[in-house]
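**Q**
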Amino acid sequence: MEIQPYLYFDGRCEEAIAFYRDALGARELMKMRFKEAPPSDDYQIPPESADKVMHAALIIGSTHLLMSDGQGGKQKVAHSGFSLSVTANDVASGETYFNALAQGGQITMPFQKTFWTEGFGMLVDKFGVPWMVNVQHEGEKH
Numbered sequence: 001m002e003i004q005p006y007l008y009f010d011g012r013c014e015e016a017i018a019f020y021r022d023a024l025g026a027r028e029l030m031k032m033r034f035k036e037a038p039p040s041d042d043y044q045i046p047p048e049s050a051d052k053v054m055h056a057a058l059i060i061g062s063t064h065l066l067m068s069d070g071q072g073g074k075q076k077v078a079h080s081g082f083s084l085s086v087t088a089n090d091v092a093s094g095e096t097y098f099n100a101l102a103q104g105g106q107i108t109m110p111f112q113k114t115f116w117t118e119g120f121g122m123l124v125d126k127f128g129v130p131w132m133v134n135v136q137h138e139g140e141k142h
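For the sequence shown, my numbering gives the first residue as 1, with consecutive numbering after it.
(1) If you drop the 5 nearest sequence neighbours on each side, which residues of the same chain put their C-beta closer than 7 angstroms to that of T114?
(2) Rank Y97, H55, M132 by C-alpha distance to the C-alpha of Y8 and give the top, closest one.
(3) Would you check if the distance between the CB atom of Y97 and the CB atom of A18 is smaller than 8 angstroms?
(4) Taking CB distances under 8 angstroms as the criterion, tell me whether H55 reaches chain D.
(5) Tell me the DSSP bridge mates of Y6?
(6) For A57, write down the residues that DSSP places opposite it in a beta bridge.
(7) Cβ of R27 within 8 angstroms of Cβ of L58?
(8) Can you list, in chain order, the residues of its chain whose CB lies under 7 angstroms from that of D90, leaving out five sequence neighbours each side?
(9) In terms of residue numbering, what span does the beta strand (DSSP E) encompassing S85 cover?
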């Protein structure tokens, strides 16, 4: 079993894909636009949603991140009650990930040494997604 986060970006999914590619080295595994869905009598795609991302899959490290533009503004995106957590192999990598994710976002805890690790920080990225960046302990495996 694998748990995969599924995030909605309210029309900014394409931008989020590029951001996570640059910030974390994400690779796009697939992307489907609403216009590529088979015709349905039950659901007509609004013209303004045709080119929006219906479903995309990224891989970041060994984790799959699923995402979509959502229903074209019909729901307000609010990413709360969770954080995505990145575990870096060393302090330099952790700081690089943290700074890249923080671009245009809000730092909620600066990246710093803590009692459990040499580097940890929290932020909310420019899409409103909360993140924690943690440096793994020497010898720790995830």
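Don't be surprised by glycine CBs; every beta carbon is placed ideally from N, CA and C.
All of these numbers come straight from a predicted model, not from anything done at the bench.
**A** With the given structure in hand:
(1) As a first step, residue 114 is located in the sequence shown; it is residue number 114 there, counting from the start. Cβ within range, chain order: F120.
(2) Working through the sequence shown from its first residue, we reach residue 8 at position 8. By alpha-carbon distance to Y8, the top candidate from Y97, H55, M132 is H55.
(3) Start at 1 with the first residue of the sequence shown, and residue 97 comes out as number 97. Start at 1 with the first residue of the sequence shown, and residue 18 comes out as number 18. Contact flag unset, no.
(4) Considering every chain present, this structure includes no chain D. It has just one protein chain.
(5) Within the sequence shown, numbered from 1, the residue matching residue 6 stands at position 6. Paired residue(s): L66.
(6) Numbered from 1 along the sequence shown, position 57 holds the residue referred to as residue 57. In the DSSP output, where bridge partners are listed per residue, A57 has M30, L66.
(7) Within the sequence shown, the letter at position 27 stands for residue 27. Within the sequence shown, the letter at position 58 stands for residue 58. Going by C-beta atoms, R27 is nearer than 8 angstroms to L58.
(8) To locate residue 90, count along the sequence shown from 1; it is residue 90. Cβ within range, chain order: V135.
(9) Position 85 of the sequence shown holds residue 85. S85 -> beta strand (DSSP E) spans 84 to 88.
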